[in-house]
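Report on one structure; see the data block that follows.
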Amino acid sequence: MARNEERRVALADAGIKVLAREGARGLTHRAVDSVAGTPRGTASNYFPTRDELVAALVERIGQRLTPDPALGPGAPERPADRELFADYLRDVVRRLSADRDVALALFELRLEAARRPAIAEALTRWRQAAFEEDVAFNAEAGLPGDRPEIALFHYAIDGMMLDHLTAPLDTGMSINTAIDEFVRRILG
């Protein structure tokens, strides 16, 4: 069977929906086929094992969370300051909030990684690469903050998104205000 990249992407997107709606236990090839509207067996033709399916979902999540290039190095005529950094963080949160299925699927995979070493390996590899890219992005853009500060922002945004998507605290603080506070307190 010839591999069709569009179908592969559609199957991965369907897998993300299954993860977001049913959790890791609901992620089966049959469920992916059902959500994708493809004949039974299609998902297993593209991703023969569950680990290969999960690896494809991790890859697709990364694609769907690709940052806005206008906020990257060489952003048009903007100073590399705390405000640009805060805008970059707002963009991360905007992308995660706008694509709820991706954010929830990512949290489901993180929970499943605690139980399944193969998922932990794939997810850790992707997360570490994304972290290294963020550190490089920050340095290349001349933004404030080094590796430890970028790590703190990852922890802060992960926690904020988990709160936002599940059972949010009523703190009286908007997400944008929280981001401004993260930036002010971590970067000084």
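Residue numbers (this note's numbering): -1 to 186. Ideal Cβ positions, reconstructed from N, Cα and C, are used throughout, including at glycine.
> Cβ of Ile155 within 8 Å of Cβ of Val100?
Replying inline: no
>> Please classify Tyr153 as buried or exposed, where buried requires at least 16 neighbouring CB atoms within 10 angstroms.
In response: exposed
>> Can you give me the C-alpha to C-alpha distance between Pro166 and Phe151, rounded to a whole angstrom?
In response: 19 Å
> If you pair each beta-carbon of the stretch 34 to 47 with each one of the stretch 9 to 19, do three or more pairs fall below 8 Å?
Replying inline: yes
>> Do Leu107 and Ile117 have their beta-carbon atoms positioned less than 8 Å apart in this structure?
In response: yes
> Sorted by chain position, which residues of the same chain lie with C-beta nearer than 7 Å to Ala0's C-beta, five sequence neighbours on each side aside?
Replying inline: In this predicted model, Ala0 has a pLDDT of only 46, less than 50, meaning its place in the structure is not dependable; the value taken from the coordinates is given anyway. Nothing listed; no residue qualifies.
>> Quick check on the burial criterion: 16 or more other C-beta atoms within 10 angstroms. Buried or exposed for Met171?
In response: exposed
>> Among Val133, Val52, Phe180 and Ala18, whose alpha-carbon lies nearest the alpha-carbon of Arg114?
In response: Val52
> On the three-state DSSP scale, how would you describe Asn43?
Replying inline: helix
>> Let's see if you can read the secondary structure: which residues bound the alpha helix (DSSP H) around Arg98?
In response: Arg98 to Ala111
>> Between Ala8 and chain D, is any beta-carbon pair separated by less than 8 Å?
In response: This model lacks chain D altogether; it includes just one protein chain.
> Grouping DSSP H, G and I as helix and E and B as strand, with all else coil, what is Tyr2?
Replying inline: In the sequence on display, residue 2 carries Asn and not Tyr. Residue state, collapsed to three classes: coil.
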